[in-house]
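Here's the structure we're looking at; comments come further down.
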Amino acid sequence: LAKTTQPISMDSYEGQEVNITCSHNNIATNDYITWYQQFPSQGPRFIIQGYKTKVTNEVASLFIPADRKSSTLSLPRVSLSDTAVYYCLVGEASGSARQLTFGSGTQLTVLP
Amino acid sequence: DTGVSQDPRHKITKRGQNVTFRCDPISEHNRLYWYRQTLGQGPEFLTYFQNEAQLEKSRLLSDRFSAERPKGSFSTLEIQRTEQGDSAMYLCASSPGREAFFGQGTRLTVV
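So the sequence lines, in the order shown, correspond to chains A and E.
For what it's worth, my numbering labels the leading residue of the first sequence as 1, then goes sequentially.
For what it's worth, my numbering labels the leading residue of the second sequence as 113, then goes sequentially.
Okay, structure coming up:
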């Protein structure tokens with residue numbers, strides 16, 4: 001099981017770009033990297049998923065270097081409403097508990 | 113609303129009582145997951161269904177916990193003889209593949 005390591009917390013200011021890095025040294029060939037966001041008293045919400053290089057959608061970008069041992073979630077121009085816990089997950093897309101194993105996440109606090 | 117629905121949203125029960133939670137996944141999602149989350153921690157995996165088959169079960173799921181997914185549609189999670197340590201948010205998620213969609217959870221308080 002690929003273990004992930006992310007910072008416990010990060011602070012940022014409104015309008016700044018935020019980069020959260022996740023380490024996953026034991027990532028397997030078939031593993032994807034997925035990020036979820038969770039607000040208090042709500043279930044996690046899918047943000048973005050990638051396998052290699054760069055993926056971008058309407059809310060974030062995901063940068064994955066060639067060795068895939070780490071990944072960086074980039075949130076452009078954060079606002080107060082981006083304050084949440086962000087989880088990095090590594091696993092196959094085949095459907096299993098391994099696909100959705102959460103760590104402790106990164107608490108992002110956006111300050112005015 | 114076509115999202116994952118969980119019922120009830122909140123449940124307060126006395127220690128020793130049985131409780132049952134329901135999850136209605138997004139229709140046609142064949143994968144369904146149950147998680148438990150306590151304050152300050154990430155969601156912990158409990159069990160996984162593919163259609164009606166319960167394929168994986170965490171060691172966290174003691175004999176007091178049981179989950180079903182009859183006909184591969186909605187799912188129920190039952191906790192028998194509740195203990196104070198069962199107090200947590202219970203989350204359900206469904207998935208058609210890579211992306212999982214979570215419900216808002218059922219918050220259980222055992223007093």
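All C-beta atoms, glycine included, are put in the ideal place defined by N, C-alpha and C.
Which residue or residues does DSSP assign as beta-bridge partners of residue i?
{"i": "A:Tyr87", "result": "A:Tyr36"}
{"i": "E:Phe177", "result": "E:Ile191"}
{"i": "A:Leu62", "result": "A:Val55 and A:Leu73"}
{"i": "A:Gly50", "result": "A:Ile33"}
{"i": "A:Ser23", "result": "A:Thr5 and A:Ser70"}
{"i": "E:Glu156", "result": "E:Arg148"}
{"i": "E:Glu168", "result": "E:Tyr160"}
{"i": "A:Leu100", "result": "BP columns for A:Leu100 are empty, so no partner."}
{"i": "E:Ala212", "result": "E:Ala212 pairs with nothing; no bridge assigned."}
{"i": "E:Phe133", "result": "E:Leu189"}
{"i": "E:Ile124", "result": "E:Thr221"}
Identify, in the order they occur along the chain, each residue of the same chain with its Cβ nearer than 6 Å to the Cβ of residue i, setting aside the five sequence neighbours on each side.
{"i": "A:Gln49", "result": "Tyr32 and Thr34"}
{"i": "A:Arg77", "result": "Gly15"}
{"i": "E:Gln129", "result": "Thr194"}
{"i": "E:Thr188", "result": "Thr132, Arg134 and Glu180"}
{"i": "E:Phe177", "result": "Ile191"}
{"i": "E:Leu167", "result": "Tyr160"}
{"i": "A:Asn25", "result": "Lys69"}
{"i": "A:Ile20", "result": "Leu73, Tyr86 and Thr106"}
{"i": "A:Phe63", "result": "Lys54 and Thr72"}
{"i": "A:Asn30", "result": "Glu92"}
Report all residues from its chain with a CB closer than 7 Å to the CB of residue i; omit the five preceding and five following residues, and keep chain order.
{"i": "A:Asp11", "result": "Thr109 and Leu111"}
{"i": "A:Leu80", "result": "Glu14, Val110 and Pro112"}
{"i": "E:Pro120", "result": "Thr218"}
{"i": "A:Phe102", "result": "Tyr87 and Leu89"}
{"i": "A:Pro65", "result": "none"}
Count the other CB atoms within 10 Å of the CB of residue i; is the residue buried (16 or more) or exposed (fewer)?
{"i": "A:Ala84", "result": "buried"}
{"i": "E:His122", "result": "exposed"}
{"i": "A:Thr53", "result": "exposed"}
{"i": "E:Asp198", "result": "buried"}
{"i": "E:Leu172", "result": "exposed"}
{"i": "A:Gln37", "result": "buried"}
{"i": "E:Arg148", "result": "buried"}
{"i": "A:Phe39", "result": "exposed"}
{"i": "A:Asp67", "result": "exposed"}
{"i": "E:Asp175", "result": "exposed"}
{"i": "A:Leu75", "result": "buried"}
{"i": "A:Val18", "result": "buried"}
{"i": "E:Ala165", "result": "exposed"}
{"i": "E:Leu158", "result": "buried"}
{"i": "E:Pro182", "result": "exposed"}
{"i": "E:Gly152", "result": "exposed"}
Can you find the residues in the same chain that come closer than 8 Å, C-beta to C-beta, to residue i, ignoring five residues on each side of it along the sequence?
{"i": "A:Ser23", "result": "Thr4, Thr5, Gln6, Lys69 and Ser70"}
{"i": "E:Thr221", "result": "His122, Lys123, Ile124, Thr125 and Ser199"}
{"i": "A:Ile8", "result": "Ser104, Thr106 and Gln107"}
{"i": "E:Gly115", "result": "Ile138, Phe213 and Gly215"}
{"i": "E:Arg92", "result": "Given a span of 113 to 223 for chain E in the structure shown, any question on residue 92 of chain E remains unanswerable."}
Three CB pairs or more closer than 8 Å across the segment 206-219 of chain E and the segment 140-150 of chain E: A contact is defined here as three or more CB-CB pairs under 8 Å, and the segment 206-219 of chain E meets this definition with respect to the segment 140-150 of chain E.
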